[in-house]
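Asker:
Protein chains: 2
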Amino acid sequence: MATGRTHRPATRSRGIPEATVARLPLYLRALTALSERSVPTVSSEELAAAAGVNSAKLRKDFSYLGSYGTRGVGYDVEYLVYQISRELGLTQDWPVVIVGIGNLGAALANYGGFASRGFRVAALIDADPAMAGKPVAGLPVRHTDELEAIISDNGVSIGVIATPAGAAQQVCDRLVNAGVTSILNFAPTVLTVPEGVDVRKVDLSIELQILAFHEQRKAGEDADPAASAAAAAATSAAAAAVATPPPVARTATGAGGGKGPDGDVPAVMPA
Amino acid sequence: MATGRTHRPATRSRGIPEATVARLPLYLRALTALSERSVPTVSSEELAAAAGVNSAKLRKDFSYLGSYGTRGVGYDVEYLVYQISRELGLTQDWPVVIVGIGNLGAALANYGGFASRGFRVAALIDADPAMAGKPVAGLPVRHTDELEAIISDNGVSIGVIATPAGAAQQVCDRLVNAGVTSILNFAPTVLTVPEGVDVRKVDLSIELQILAFHEQRKAGEDADPAASAAAAAATSAAAAAVATPPPVARTATGAGGGKGPDGDVPAVMPA
DNA sequence: ATGTCTTTGTGAACGCGTGCACAAAGATGG
DNA sequence: CCATCTTTGTGCACGCGTTCACAAAGACAT
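This is the structure:
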């Protein structure tokens, strides 16, 4: 899972809770898999297991969409696939632009899940003139100068930012100005956008750090109870590494070339 | 932001709420930037703005860590950087393995933010024998056969899965068996793991679908009030595309090669 | 030393999300 | 047509997270 939830104050979109919206894609994926196996119906219990959620939660989620189930039987797979697709707006094709065709941008461009899921890569955009015209994933990379024209000509409303952090806000501003109202941001920066524009963030660094926190806690639990027998042999090595670091002078204020920076590389991309 | 939050039932880790833990990396990044500019102190207001959150929320978050601020002045940047780093477990180096060196895996391997942030890529692992030995980001790709040995030898407790969905669960099982207790999953699958193992998911598809939902809602608002003047000219094109799709027979159950699949490609990776 | 001004730390209220548990709905068999 | 059994849909309670608003703490000037 990625991080960041730069949403508007949660304007309960049309009665469907944000938390539910975030799970609909999960249900849709599970349902699509069932559909491929020609399974006609599923119970909330089965589908919930496949999606990795609680069955009560799933039923409540579906109740926001309407009563699409049949008591005693379950849900019609095909029908539900359609209903959720419609609710998510996947019955139409969303043109998407990807800005920043580095390692990550290229990986995104090559992602096969776009077309089959209601999305279409309208253009790949990069600031490097040397990249211009070079084909990536079958599309010629366009130069940043053309950004506004591309957005406008294709009616693009969703943009993906895979640039270094330093360029992200500027790219974001241009996208928004050109008419983009939804942005998926892979750059490790907080984007400032006007009211009405949605931003979602995907950040490898943050995810890893959250994992590290829990990892440390696990190791600490094994070590804290005064030399309790190391539970799992596998964790012992990590646990041993938990040493008390040198305390920093509380009052030491002045200058400070702190830790190595990283704020300028995209969340997932070589420098 | 990515999606998925496959956490244990929220065992309020050592008194620090999950929501707070998820924001600490954000604060840390903002603080690191300030540190580089040799800013000695920040107020909760300034830091909150830089991190894109509410100042009250930030103060409450910090209160869980202890009282590290000075009333009337603010927070000592260097000290706070150290405290948060320590809390997140970044004062030690976490060896990480990346499994699945496709387009995305390579992008992750090249990510420069690892070393400077408390993480170190211990090894790149791929199932393709042809990849074995090939250098990616300065490291030779190792074959899957060596997975267990690599984990064990390096004391790896964090694994990144960037394989196709079909292989993800199997890889996951092997990682867990070898001693990995934290997993960052880029494959579009629900991973099943034993108690005590943390999984975080990053899924491009889900993020885009959530954006599409809100995008559709925006378009609908402009269109619903009976031909209200199209607010932004930019959205008019998209709004026009919102047509009522053909209803699916409610009872049509039988077989059904539904929509194009995609469940077998990693969240971000070419087929 | 005293007063003023800034900023933290937190008590309390509120709202969202989750999960339990059950009644209602419908299918199925006799 | 009736009884039974399965599964949905939801009322309700609980807990987490967010936000407001303010008292306490300290810096700073006089």
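Which chain is which? The protein sequence lines are A and B, in order.
For the first sequence, my numbering assigns the number 1166 to the initial residue and increments by one for each residue that follows.
For the second sequence, my numbering assigns the number 1166 to the initial residue and increments by one for each residue that follows.
For each residue, glycine too, the CB sits at the ideal point set by N, CA and C.
Within its chain, find whatever has a CB closer than 8 Å to the CB of B/Ala1391; leave out the 5 residues flanking it on each side and keep chain order.
Answerer: Because B/Ala1391 carries a pLDDT of 38, less than 50, the predicted location of this residue cannot be relied on, and no value is offered for it.
Asker: Is B/Ser1347 close to chain A? Criterion is C-beta to C-beta, closer than 8 Å.
Answerer: So yes, B/Ser1347 belongs to the interface.
Asker: Is B/Arg1365 close to chain A? Criterion is C-beta to C-beta, closer than 8 Å.
Answerer: It does; some Cβ of chain A falls within 8 Å.
Asker: Quick one: is A/Glu1311 buried, meaning 16 or more other Cβ sit within 10 Å of its Cβ, or exposed?
Answerer: So A/Glu1311 counts as exposed.
Asker: Per the DSSP calculation, A/Arg1307 is bridged to which residue(s)?
Answerer: Its beta-bridge partners are A/Ile1290.
Asker: Check whether the Cβ atoms of B/Arg1307 and B/Ile1316 lie closer than 8 Å to each other.
Answerer: It is not a contact, given that the beta carbons lie outside the stated cut-off.
Asker: Could you please give the first and the last residue of the uninterrupted beta strand (DSSP E) stretch that includes A/Arg1365?
Answerer: From DSSP, the beta strand (DSSP E) with A/Arg1365 extends over 1363-1366.
Asker: Write down every uninterrupted run of the alpha helix (DSSP H) in the segment 1239-1280 of chain A whose length is 4 residues or greater and which is fully enclosed by it, in chain order.
Answerer: 1242-1253, 1268-1275, all fully within the segment 1239-1280 of chain A.
Asker: Taking Cβ to Cβ, would you say B/Val1262 is nearer than 8 Å to B/Gly1324?
Answerer: Yes, these two residues count as a Cβ contact at 8 Å.
Asker: What is the DSSP secondary structure of A/Gly1283, reduced to helix, strand or coil?
Answerer: Coil at A/Gly1283, not helix or strand.
Asker: Answer yes or no: does any C-beta atom of chain A fall closer than 8 Å to that of B/Ala1216?
Answerer: Closer than 8 Å to some Cβ of chain A, the Cβ of B/Ala1216 qualifies, so yes.
Asker: Who are the near neighbours of B/Thr1354 in its chain, counting only those whose CB is closer than 7 Å to its CB and skipping five residues on each side?
Answerer: Cβ neighbours of B/Thr1354 beyond the five flanking positions: Ala1330, Ala1333, Gln1334.
Asker: Could you pull out every unbroken alpha helix (DSSP H) segment of at least 4 residues lying fully inside the segment 1313-1384 of chain B, listed in chain order?
Answerer: Within the segment 1313-1384 of chain B, the complete alpha helix (DSSP H) runs of at least 4 residues are 1330-1343.
Asker: Taking only three categories from DSSP, how would you classify B/Pro1182?
Answerer: If DSSP states are grouped into helix, strand and coil, B/Pro1182 belongs with coil.
Asker: Would you identify the three-state DSSP class for B/Pro1190, choosing helix, strand or coil?
Answerer: Here B/Pro1190 sits in helix by DSSP.
Asker: When you check each C-beta in the segment 1374-1388 of chain B against every C-beta of chain A, which residues fall closer than 7 Å?
Answerer: Those would be Gln1374, Ile1375, Leu1376, Ala1377, Phe1378, His1379, Glu1380, Gln1381, Arg1382, Lys1383, in chain order.
Asker: Got a sec? Which residues, its chain only, sit under 7 Å from B/Tyr1233 by beta carbon, not counting five neighbours each side?
Answerer: Result list for B/Tyr1233: Phe1227, Tyr1240, Tyr1244, Leu1245, Gln1248, in chain order.
Asker: I'd like the list of long-range same chain contacts for A/Thr1197, defined as Cβ closer than 8 Å, with 5 residues on each side in sequence excluded.
Answerer: Result list for A/Thr1197: Val1246, in chain order.
Asker: For A/Phe1227, would you say it is in contact with chain B, using Cβ-to-Cβ distances shorter than 8 Å as the test?
Answerer: Chain B, which has no Cβ nearer than 8 Å to the Cβ of A/Phe1227, makes this no.
Asker: With a CB to CB cut of under 8 Å and the five nearest residues on each side skipped, what residues in its chain are close to A/Ile1136?
Answerer: In the structure displayed, chain A extends from 1166 to 1436; residue 1136 of chain A sits before or after that span and is not available.
Asker: Can you find a CB in chain B that lies within less than 8 Å of the CB of A/Ala1332?
Answerer: Not an interface residue.
Asker: Mind checking the segment 1316-1329 of chain A against chain B and listing, in chain order, the residues whose C-beta falls within less than 7 Å of any C-beta there?
Answerer: Against chain B - using a Cβ distance shorter than 7 Å - the residues of the segment 1316-1329 of chain A are Gly1320, Ser1322, Ile1323.
Asker: Anyone know if the C-beta pair for A/Val1242 and A/Thr1206 falls short of 8 Å?
Answerer: The answer is yes: Cβ separation under 8 Å.
Asker: Taking A/Asn1350 as the reference, which of B/Ala1352, B/Arg1224, B/Leu1369, B/Ala1271 has the closest Cα?
Answerer: Selected option, being the one with the closest Cα: B/Leu1369.
Asker: With a threshold of 8 Å between beta carbons, is B/Ser1370 in contact with chain A?
Answerer: It does; some Cβ of chain A falls within 8 Å.
Asker: On the DSSP letters alone, give me the boundaries of the alpha helix (DSSP H) that B/Ser1209 sits inside.
Answerer: Looking at the DSSP string, the run of the alpha helix (DSSP H) that includes B/Ser1209 is 1209-1216.
Asker: Are the C-beta atoms of A/Pro1182 and some chain B residue less than 8 Å apart?
Answerer: Not one chain B Cβ lies under 8 Å of A/Pro1182.
Asker: To the nearest angstrom, how far is it from the Cα of A/Gly1217 to the Cα of A/Lys1225?
Answerer: One C-alpha to the other measures close to 15 Å.
Asker: Within 8 Å of any Cβ in chain B, is that where the Cβ of A/Asn1219 sits?
Answerer: A/Asn1219 does not count as touching chain B.
Asker: Evaluate B/Asp1291 with the Cβ neighbour count: other Cβ atoms within 10 Å of its Cβ, from every protein chain shown; 16 or more gives buried, anything less gives exposed.
Answerer: So B/Asp1291 ends up on the buried side.
Asker: Can you find a C-beta in chain B that's less than 8 Å from the C-beta of A/Gly1265?
Answerer: Answer no: the Cβ-Cβ gap between A/Gly1265 and chain B never drops below 8 Å.
Asker: Quick one: give me the first and last residue of the alpha helix (DSSP H) that B/Ala1221 is part of.
Answerer: Residues 1220-1230.
Asker: Compare the C-beta of B/Pro1190 with all C-beta atoms of chain A and state if any pair is closer than 8 Å.
Answerer: Taking Cβ atoms only, chain A reaches closer than 8 Å to B/Pro1190, which makes this a yes.
Asker: Per DSSP, which residues does B/Pro1205 bridge with? Please list them.
Answerer: DSSP output for B/Pro1205 lists no bridge partner at all.
Asker: Is the shortest distance between the beta-carbon of A/Leu1230 and the beta-carbons of chain B less than 8 Å?
Answerer: Cβ-Cβ to chain B under 8 Å: no for A/Leu1230.
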